[in-house]
Amino acid sequence: MKAVLTGNQAIARGFYEAGGLVAASYPGSPTVEIMETLKGYDGIYAEFSPNEKVALEVAIGGSLYGSRAMVSMKHVGVNIAMDPLMTFTQSPINGGFVLVSGDDPGMASSQNEQDNRIIGRFANMGIFYPGSSQEAKDFIKIALELSERFKTPMMMDITSRVCHSRGVVELGEREEIKAKGFTRDQEKYTMLPPNTFKAQYFMKERIKELEEYAYDASFNILEEVEGADTLIVTSGLMYYNLKELNLPVSIYKLGMVYPISTRRMKELSQKYKNIIVLEEMMPFIENELKLKGIDCKGKEYFSFTGELFTEDIEEGLYKAGVIQERKYKGRDTVKTVARPPMFCSGCPHRPVFDILKKLNVTVIGDIGCYSMSVLPAWKASHVMYSMGATVGITKGMNKAMRKSGDKKPIVSIIGDGTFFHSGLPGFIDLIHQVDEEDNMTFIILNNSTTAMTGGQHNAASGRFNNKDDMQVDIKSLLNAMGIENIQEVDQFEYKKARDIIRQATREKGISVIITTRPCALKYKIKEPHFYVDPEICISCRTCVKVNCPPIRMKKYEGIDELKSSIDPEECVGCSVCSQVCPVGAIKRSQ
Amino acid sequence: MNKNIILAGVGGQGLVLATKIISETAFRAGLEVKTNDVIGLSQRGGMVWGSVRMGEKVYSPNIPAKEGDILVGLEPLEAFRWSHLMKDGGHIILNTKEVYPTPVLLEEVDYPHEEIEGLENRYKVVKINAREEAKEAGNIKAANTVLIGMLAKLLTIPNSIWEETIRDNVPPKAIDVNIQAFYRGYNYL
């Protein structure tokens with residue numbers, strides 16, 4: 004039987020067919036859908052964990068018990084999970100283990116473009132690199148088998164394009180695999196010296212064996228063209244983009260990009276005059292080949308950043324002299340009006356950032372939908388790096404300010420998902436070495452879902468979803484840490500929220516404000532829409548500046564000046580615009 | 012039949028489901044198919060685009076520049092933005108409902124009406140108010156199904172297969188409305 008599946012769905016299917024038992028993830032684009040799909044299969048324990056480190060640990064536990072286990076996350080999530088990963092990989096693997104990392108060449112929805120093949124290598128893992136949905140499914144199964152055979156953890160590094168792309172996939176039945184159970188063996192599973200001494204040699208040997216296996220493994224495909232003097236070494240989607248060009252060159256397509264068989268590459272380098280490496284992002288395969296003493300070229304011709312399309316590949320091969328004529332003339336795009344993302348109609352983040360913008364305070368942001376407050380329409384938060392980072396950065400900047408005699412307030416913004424993910428240790432640190440000059444305001448936007456990735460469960464979700472088993476009360480949690488000045492506010496009561504936030508920034512000490520409205524995308528607001536009375540509107544544009552999709556200036560018949568307007572089809576009736584209007588021109592319809 | 016179809020719209024317009032329905036229909040018609048769609052940050056009112064490639068053999072899900080046969084524009088500006096992928100003389104199905112991006116809402120730039128009109132000089136453009144047609148069919152939420160009906164007219168896959176895929180991909184309550192919406196689109200051309 005066949006079906007059309009995305010790369011993500013195919014990974015889930017592969018894990019299911021391979022008899023996988025334990026899977027965990029933290030939602031992050033581009034891999035979110037893997038776990039969402041897994042939750043639909045019977046016989047698998049599947050969870051969204053509070054962060055990637057916990058997710059990895061859950062999978063490690065499954066693998067230690069001798070069951071097949073998988074953990075999936077976006078590329079930057081692996082950074083969070085690095086600590087257990089780097090030590091766990093020293094152990095001989097019991098049940099097949101695979102870490103799926105979703106990389107994002109071109110950064111469609113990520114804060115950096117790190118190439119996690121480098122992490123896989125660093126962690127002594129074999130790395131599979133699929134280019135289609137069928138390969139995504141097949142490689143997961145092979146990775147789990149090899150993981151058990153070579154006692155090695157495996158990585159599947161998959162790019163966002165392949166995660167989201169659909170293709171036809173051959174489906175198989177689930178193979179029921181009985182967990183082997185956990186056998187106590189401290190030498191294998193307790194990583195203290197001297198056990199770790201041996202482990203270094205074990206890992207080295209394990210990769211060497213895998214490299215030997217790679218020589219004629221079925222997942223590395225050699226397509227030779229009679230008389231060709233150029234060999235292109237590639238992997239993943241780049242193979243398929245290259246095939247579009249239909250060139251008379253030989254291709255060595257690596258299903259597993261690490262380790263690469265030295266013997267195979269030496270043989271090929273004897274046969275071919277030119278070896279060109281085609282890969283997105285870092286020169287990973289290219290560097291591997293160069294370390295093996297293979298003369299090859301790659302990043303001279305292809306960009307180290309962004310996606311590589313068929314047109315880019317053609318251009319690179321033209322520069323390399325492999326082809327003499329070009330079919331495509333680049334990939335010129337239409338230059339027109341930009342469309343940056345924006346807060347949804349009724350988004351509970353909107354009033355908070357409108358208030359902060361008007362207060363003109365320095366805001367340390369974080370990762371979530373509220374990251375969009377950095378966009379040109381708002382410019383309302385001024386630092387944004389990584390999950391949970393706002394808390395520590397705010398404290399550090401506050402300390403530097405106070406030591407320098409700067410008395411200005413500083414505001415930190417964090418969502419509930421991010422709070423549970425990695426904000427907690429930062430909050431614990433807040434009451435350590437408090438100075439009376441401190442002035443920090445922490446706003447926790449508790450919309451009770453992981454909104455940016457599509458509204459997944461988190462530890463606060465039970466507040467609005469009675470089917471969810473977690474409802475951790477953030478206020479009680481912070482109280483237990485010794486943080487006392489905590490206020491909860493409904494941010495759709497604009498003036499009250501503004502007064503509380505303003506007061507907090509004016510007071511010394513640590514203030515925490517928890518906003519209470521849920522995500523408007525997950526919990527739709529269905530109130531009568533608002534409209535503008537153009538006779539009252541003074542064209543001040545205060546409402547336009549809250550940047551809500553239905554609000555814009557328009558020409559009314561018989562009125563010269565442009566007046567504000569609200570598209571009734573888009574307005575959900577949250578009332579924020581009517582509350583910022585200084586003259587009461589925005590009214591609710593009935 | 013080798014066809015390259017581009018879909019362009021605004022985050023939240025249902026482009027991912029439309030891409031799914033088109034690709035599953037092609038698959039059920041016995042074609043090989045690959046698709047792309049962009050999700051993530053773009054979901055929140057940003058630009059989104061997808062592609063469906065169908066035929067005997069499909070390597071990459073990406074449509075190279077100037078190889079698009081049909082562009083389904085869920086929104087006019089977004090159709091214009093992705094028109095560089097189209098063959099000269101290709102078909103553009105253009106939903107006329109404008110969704111204004113932030114720079115227009117903030118009066119920094121005008122919505123590019125004239126440039127969008129200019130598409131007619133290079134491509135076969137069919138304009139439709141898909142929401143109105145869907146309303147006539149019984150629910151404005153079926154607007155994308157109207158556009159899919161128009162697309163079906165330009166392809167050669169039997170309507171029974173389209174119907175079957177639509178049935179399998181919309182809520183049971185909405186099946187009749189969507190089938191009606193499909194035929195309103197199909198007969199529009």
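First to last, the protein sequences are chains A and B.
Just so you know, we're using my numbering here: the first sequence kicks off at 4 and counts up by one.
Just so you know, we're using my numbering here: the second sequence kicks off at 12 and counts up by one.
C-beta: ideal position from N, C-alpha, C; glycine also.
These numbers were taken from a predicted model, which means no experiment stands behind them.
Query, Result
"Residues of the region 155 to 169 of chain A whose Cβ lies closer than 8 Å to any Cβ of chain B, in chain order", "S163, R164, H167, S168 and R169"
"The region 153 to 168 of chain B touching the region 77 to 89 of chain B, judged by at least three CB pairs closer than 8 Å", "yes"
"Chain B contact for K246 (chain A) (CB, 8 Å cutoff)", "yes"
"8 Å Cβ cutoff, A600 (chain A) in contact with chain B", "What the structure shows of chain A is the stretch from 4 to 593, and residue 600 (chain A) is not part of that stretch, so it cannot be assessed."
"Residues near F125 (chain A) in its chain [Cβ-Cβ closer than 8 Å; skip 5 each side]", "M89"
"Whether F368 (chain A) touches M387 (chain A) by CB criterion (8 Å)", "One detail in the question is off: residue 368 (chain A) reads as Gly in this sequence, not Phe. For G368 (chain A) and M387 (chain A), yes; Cβs fall inside 8 Å."
"Residues of the region 128 to 151 of chain B with Cβ closer than 9 Å to any Cβ of chain A, in chain order", "R142 and I151"
"9 Å Cβ cut-off: residues of chain A touching P169 (chain B)", "None at all; the shortest Cβ gap to chain A is about 18 Å."
"Backbone CA spacing between F106 (chain B) and K138 (chain B) [nearest angstrom]", "According to the sequence provided, residue 106 (chain B) is Asn. The question's Phe does not apply to it. So the alpha carbons of these two residues sit roughly 6 Å apart."
"Closer than 8 Å to chain A by CB, G57 (chain B)", "yes"
"Proximity of D63 (chain B) and A37 (chain B) at Cβ, strictly below 8 Å", "With the sequence shown as reference, residue 63 (chain B) is identified as Val, and Asp is not the correct amino acid for it. Yes."
"S479 (chain A), buried or exposed, once every other Cβ within 10 Å from all chains shown has been counted against 16", "exposed"
"Candidates A:A462, A:L281, A:C350 and A:N450, of which the one nearest V579 (chain A) by Cα", "A:C350"
"First and last residue of the uninterrupted beta strand (DSSP E) at G587 (chain A)", "Neither: G587 (chain A) is in no beta strand (DSSP E) and is coded neither H nor E."
"Selection from A:C546, A:C551, A:P537 and A:I541 that minimises the alpha carbon distance to E560 (chain A)", "A:P537"
"Pair within 8 Å by beta-carbon distance, D357 (chain A) and R405 (chain A)", "no"
"Assigned exposure category for R509 (chain A) - 16 Cβ within 10 Å defines buried", "exposed"
"Sequence-distant residues of its chain with Cβ nearer than 7 Å to K211 (chain A) (five each side left out)", "none"
"Expected contact under 8 Å - CB spacing of H78 (chain A) and Q117 (chain A) to nearest Å", "5 Å"
"DSSP-derived helix/strand/coil call for F307 (chain A)", "coil"
"Separation of R520 (chain A) from S568 (chain A), as counted between CA atoms", "25 Å"
"Close Cβ partners of I224 (chain A) (< 6 Å) along its chain, the five nearest in sequence each way excluded", "K256"
"Chain B within 8 Å of R555 (chain A), Cβ atoms only", "yes"
"Classification of K566 (chain A) by the beta-carbon crowding that lies within 10 angstroms, buried from 16 upward", "buried"
"Coil, strand or helix - F100 (chain A) by DSSP", "strand"
"Residues that D335 (chain A) contacts on chain B, provided the C-beta gap is smaller than 9 Å", "A76 and H95"
"Residues that DSSP places opposite K136 (chain A) in a beta bridge", "According to the sequence displayed, residue 136 (chain A) carries Ser and not Lys. Answer by DSSP bridge pairing: none, since S136 (chain A) is not bridged."
"Members of the region 300 to 313 of chain A that neighbour chain B once the beta carbon cut-off is set at 7 Å", "F312 and T313"
"Proximal residues to R353 (chain A) (C-beta, below 6 Å), its chain only, five neighbours per side dropped", "F346, V549 and V579"
"Selection of the region 337 to 363 of chain A by Cβ proximity to chain B, strictly under 8 Å", "V337, T339, V340, A341, R342, P343, P344, M345, F346 and C347"
"C-alpha gap between E530 (chain A) and C574 (chain A), whole angstroms", "9 Å"
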